[in-house]
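>
Residue numbers (the numbering used here): 10 to 190.
1. In or out: residue 162 buried (at least 16 other Cβ within 10 Å) or exposed?
2. Which residue from 36, 108, 159 puts its Cα closest to that of residue 80?
3. In the DSSP output, which residue or residues are listed as bridge partners for residue 143?
4. According to the Cβ coordinates, are residue 151 and residue 65 closer than 7 Å?
5. What do you reckon, are the CB atoms on residue 132 and residue 145 nearer than 7 Å?
6. In the DSSP assignment, the alpha helix (DSSP H) including residue 87 goes from what residue to what residue?
7. Please go through the same chain and pick out, in chain order, the residues whose beta-carbon is closer than 7 Å to the beta-carbon of residue 197, but skip the five residues on each side of it.
8. Quick check on the DSSP output: the alpha helix (DSSP H) that includes residue 166 runs from which residue to which?
9. Measure from the C-beta of residue 22 to each C-beta in chain C and report whether the shortest distance is under 7 Å.
10. Which residues in the same chain have their Cβ closer than 8 Å to the Cβ of residue 171, if we skip the five residues on either side of it in sequence?
11. Buried or exposed: where does residue 40 fall if 16 or more other Cβ atoms within 10 Å of its Cβ makes it buried?
12. Could you tell me the boundaries of the alpha helix (DSSP H) in which residue 56 lies?
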């Protein structure tokens, strides 16, 4: 029962995160589009403008999209993986190798949480060049995204163990996002 509550909570969180990432991507596209118009279209019309904040804001939004999107992708097993070894082993042994790889991935993200926390502390003393915002807000994407990835990997493992999906292998029908590649 607790496992199903955990899975529902993580899926609810991910629904919000998907909307947030989509909104950030939309804003990023609008900002880059504005920059294109300002740099290439308006000068041909004799209008010279500058939007120096656009490149910096688009870059920071991209950083947040990457770490948040990677965390959401971890929930469905969509992070990049080489499955040659586990696929060539018997199912039980392959699952153990996959579980080991997921635990190593959690360890990697734990390291990023620790490193990101140090960067956030460092970022308290510096501001961005144009927007003049504390760089800690940008650096915060690393520990936040990594912590969310840990939660999502844990949910992936729990779902595979608790529900009818007894294998840690990700079939294409389990992950419709992966088939878009």
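Backbone N, C-alpha and C fix where the C-beta goes; we use that ideal spot for every residue, glycine too. Computed from a predicted model, the values in this text were never measured in an experiment.
For this structure:
1. For residue 162, the number of other beta carbons within 10 angstroms of its own is at least 16, and it is reported as buried.
2. If you compare the alpha carbons of 36, 108, 159 with that of residue 80, the shortest gap goes to 159.
3. DSSP output for residue 143 lists 136 as bridge partner(s).
4. No, Cβ-Cβ distance for residue 151 and residue 65 is not below 7 Å.
5. Contact: yes.
6. In the DSSP assignment, residue 87 falls outside any alpha helix (DSSP H) and carries neither an H nor an E.
7. With the chain represented from 10 up to 190, any question about residue 197 goes unanswered, as that position is not in the structure.
8. For residue 166, the enclosing alpha helix (DSSP H) has its first and last residue at 150-171.
9. The chain inventory of the structure shown lacks chain C, comprising one protein chain alone.
10. Closer than 8 Å at Cβ, skipping near neighbours: 12, 13, 16.
11. Classification for residue 40: buried.
12. Unbroken run through residue 56: none, as it is neither H nor E.
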